[in-house]
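Quick note, the sequence shown lines up with residues 0 to 139 if you use numbering that gives the first Met the number 0. Here a beta-carbon is modelled for each residue, glycine too, at the ideal position from N, C-alpha and C. Here the structure is a predicted model, which means the values were calculated and not measured. Data block below; observations after.
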Amino acid sequence: MLYQKLKKLYEKVRLQNYRDLFSRVKERDGSLSATEAYAADVIYLLGTPTVSAFAETLGISQPNATYKINNLEAKGYAVRSASDADRRECRVSVGERFFSYYDTDYPFIADSVAQLQKLYTPQELALLERMLDDMIRSME
């Protein structure tokens with residue numbers, strides 16, 4: 000039962016993510032393709048990955064990762080910089096244009112939390128928060 004509920008929650012979040020993504024993908028100069036949008040999102044989720052880490056996460060070759068990053072960089076959605084720890088290492092982060100393209104606040108989650116706050120006590124919500132923390136740790 001718990002597995003089915005978590006699966007359903009995951010599917011709803013994925014569906015909302017796809018809705019948001021495809022509402023942003025437009026056919027105009029400088030806009031992102033769906034693949035580029037996913038690549039930019041992966042960079043955002045990883046923080047400031049190396050090109051190697053980005054490639055490994057997506058399961059693609061380093062030249063393919065470099066190609067994707069070059070395209071994102073040319074459109075202003077990614078920025079490449081030398082690593083502070085090792086100047087030979089290149090790190091990638093999202094560019095300013097990413098934040099005008101993506102809404103990273105997830106209003107549907109805020110709405111869900113507001114509903115939960117109406118239905119449950121602070122103690123019940125604290126337990127839920129602890130359980131979610133444990134789930135997040137188990138996925139690392």
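Delimiting residues of the alpha helix (DSSP H) encompassing residue i
i, result
"A38", "A33 to L45"
"A81", "Note, A81: premise wrong, no alpha helix (DSSP H); beta strand (DSSP E) at A77 to A81."
"V50", "V50 to L57"
"S22", "L1 to R23"
Inter-residue spacing [alpha-carbon to alpha-carbon] between residue i and residue j
i, j, result
"E123", "S111", "15 Å"
"E141", "A81", "What the structure shows of the chain is the stretch from 0 to 139, and residue 141 is not part of that stretch, so it cannot be assessed."
"V93", "K11", "26 Å"
"S137", "N63", "31 Å"
"S30", "T120", "44 Å"
"S60", "P48", "15 Å"
"F98", "L45", "15 Å"
"R129", "Q116", "15 Å"
Best match in the options for proximity to residue i [C-alpha to C-alpha]
i, options, result
"V91", "K67, I42, Q114 and L57", "I42"
"S22", "N70, L8 and Y100", "Y100"
"A38", "A77, L118 and A84", "A77"
"A33", "L45, Y17, A113 and G46", "Y17"
Presumed contact (8 Å Cβ cut-off) between residue i and residue j, rounded CB distance
i, j, result
"R86", "I68", "Contact doesn't hold; Cβ gap of about 18 Å is too wide."
"E95", "L71", "Not a contact, Cβ separation roughly 12 Å."
Beta strand (DSSP E) segments (min. 3 residues) lying fully within the stretch 54-139 | You should have 77-81 and 89-93.
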